[in-house]
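In this note's numbering, the protein residues as written are 1167 to 1292. Don't be surprised by glycine CBs; every beta carbon is placed ideally from N, CA and C. Predicted, not measured: the structure shown is a model, and the values here were computed from it. Each remark here refers to the structure printed beneath this line.
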């Protein structure tokens, strides 16, 4: 017996936690509205040689990501595509599909990519 992950699990997750996203594919002429589960959390950054036991290294990095349901896409999302979430434009850095019909899209800020301080570094995004 096969489980309908897309219909039973992913639909419920997107309905409960998803928010509006505008996707601009490099393969399509017009933007497409989808939903995604956005997270702009932090994680520790591993540095080569940083764990020598003498002094702790406390460095973290922002890891924005978007959880998506692949059945919402007419063509597969690709590295370089643009996602607009909460008024901020993000570029897809990496697409990480799972085996259940979902994918984790790792993002980098694309707002003001050519500005000296991209993505409102001088001002917080919240």
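Problem set entry | Member of 1255, 1272, 1273 and 1235 whose CA lies at the smallest distance from the CA of residue 1176 | Along the chain shown, read from residue 1 onward, the residue named residue 1176 stands at position 10. Nearest C-alpha to residue 1176: 1235.
For this session: With a threshold of 16 other CB atoms inside 10 Å of the CB of residue 1247, please say whether the residue is buried or exposed.
Result: Working through the chain shown from its first residue, we reach residue 1247 at position 81. It is buried - the Cβ of residue 1247 has at least 16 other Cβ atoms within 10 Å.
Problem set entry | Residues that residue 1270 bridges to, as DSSP identifies them | Taking the first residue of the chain shown as 1, we reach residue 1270 at position 104. The partner list for residue 1270 (beta bridge, DSSP) reads 1233 and 1262.
Exercise. Which term fits residue 1168, buried or exposed, when burial requires 16 or more other beta carbons within 10 angstroms of its beta carbon?
Worked result: Taking the first residue of the chain shown as 1, we reach residue 1168 at position 2. So residue 1168 counts as exposed.
For this session: On a CA-only basis, which of 1266, 1268, 1251 and 1243 is nearest residue 1193? Give me that one, please.
Result: Working through the chain shown from its first residue, we reach residue 1193 at position 27. Among 1266, 1268, 1251 and 1243, the Cα nearest to that of residue 1193 belongs to 1243.
For this session: Could you spell out the range, first to last residue, of the alpha helix (DSSP H) harbouring residue 1240?
Result: In the chain shown, the residue the question calls residue 1240 occupies position 74. Where residue 1240 is concerned, there is no enclosing alpha helix (DSSP H), given that its DSSP letter is neither H nor E.
For this session: Can you grab the Cα-Cα spacing for the pair residue 1273 / residue 1261, in whole Å?
Result: If you number the chain shown from 1, residue 1273 lands on position 107. If you number the chain shown from 1, residue 1261 lands on position 95. C-alpha separation (whole angstroms): 9 Å.
Problem set entry | Assigned secondary structure, residue 1244 (DSSP; H/G/I helix, E/B strand, else coil) | The count along the chain shown starts at 1 and reaches residue 1244 at position 78. In this structure, residue 1244 counts as coil in the three-state DSSP scheme.
Exercise. Along the chain, where does the beta strand (DSSP E) that runs through residue 1193 open and close?
Worked result: In the chain shown, counting from the first residue as 1, residue 1193 sits at position 27. No beta strand (DSSP E) contains residue 1193, which DSSP labels as neither H nor E.
Exercise. Can you list, in chain order, the residues of its chain whose CB lies under 7 Å from that of residue 1241, leaving out five sequence neighbours each side?
Worked result: As a working mapping, residue 1241 is identified with position 75 in the chain shown. Only 1191, 1193 and 1194 meet the Cβ criterion.
For this session: To the nearest angstrom, report how far apart residue 1239 and residue 1231 are at their CA atoms.
Result: As a first step, residue 1239 is located in the chain shown; it is residue number 73 there, counting from the start. As a first step, residue 1231 is located in the chain shown; it is residue number 65 there, counting from the start. Each residue's alpha carbon lies about 17 Å from the other.
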